[in-house]
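Residue numbers (UniProt numbering): 1 to 118.
No residue lacks a Cβ here, since even glycine has one placed at the ideal position from N, Cα and C.
Note that the structure is a prediction, hence the values are computed from the model and not measured.
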């Protein structure tokens, strides 16, 4: 399909299927989407537990899920790096953004908690 100039369509269909699988796999990591307000309301001990779990889940996602996904895309779209890059980005960008938003909320929340304690 890629050779017949259907690379974008093929990439999109494949990405949709893989995104469903990856979303399901990542949901098993039980990461919560946290806003800054939610972080500020949490007791410090709960927040520490949340941070510890978030670090473990992020490591699993990045080192295992994303690495394996990238390898699979390299195999499926061998010789078509633009299709590989596009598909991989379509699948992983949402979760990556979620991880960064969570980290940002925690960082801002921690600064707020530290300022509030002084």
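Spatial neighbours of residue 19 in its chain, beta-carbon cut-off 8 Å, leaving aside the 5 residues before and after: Result list for residue 19: 90, 91, 94, in chain order.
What is the residue span of the alpha helix (DSSP H) that residue 57 lies within? In this chain, the alpha helix (DSSP H) harbouring residue 57 covers 44 to 60.
Have a look at 47, 57, 69 and flag the residue whose alpha-carbon is nearest the alpha-carbon of residue 107. Checking every option, the nearest Cα to that of residue 107 belongs to 47.
Where are the beta strand (DSSP E) runs, 3 residues long or more, that stay fully inside the UniProt domain "Exocyst complex subunit Exo70 C-terminal" (54 to 108), in chain order? For the beta strand (DSSP E) assignment, the UniProt domain "Exocyst complex subunit Exo70 C-terminal" (54 to 108) encloses no uninterrupted run of at least 3 residues.
Just to confirm, are residue 11 and residue 87 a CB contact at a threshold of 8 Å? With respect to the 8 Å criterion, residue 11 and residue 87 are classified as neighbours on the basis of their beta carbons.
Exposed or buried, which one is residue 35 when buried takes at least 16 other CB atoms within 10 Å? So residue 35 ends up on the exposed side.
Any idea what DSSP makes of residue 118, helix, strand or coil? Below a pLDDT of 50, predicted positions are generally treated as unreliable, and residue 118, at 48, falls in that range; the measurement from the model is reported next regardless. DSSP places residue 118 in coil when its eight states are reduced to three.
Alpha carbon of residue 52 to alpha carbon of residue 58, nearest angstrom: So the two alpha carbons sit approximately 10 Å from each other.
If contact is defined by three or more beta carbon pairs under 8 Å, each pair taking one atom from either stretch, is the region 64 to 71 in contact with the region 22 to 29? Between the region 22 to 29 and the region 64 to 71 there are three or more C-beta pairs closer than 8 Å, enough to call the two in contact.
Since residue 39 and residue 105 should fall inside the 8 Å C-beta cutoff, what is the C-beta to C-beta distance between them, to a whole number of angstroms? Confirmed, Cβ separation roughly 5 Å.
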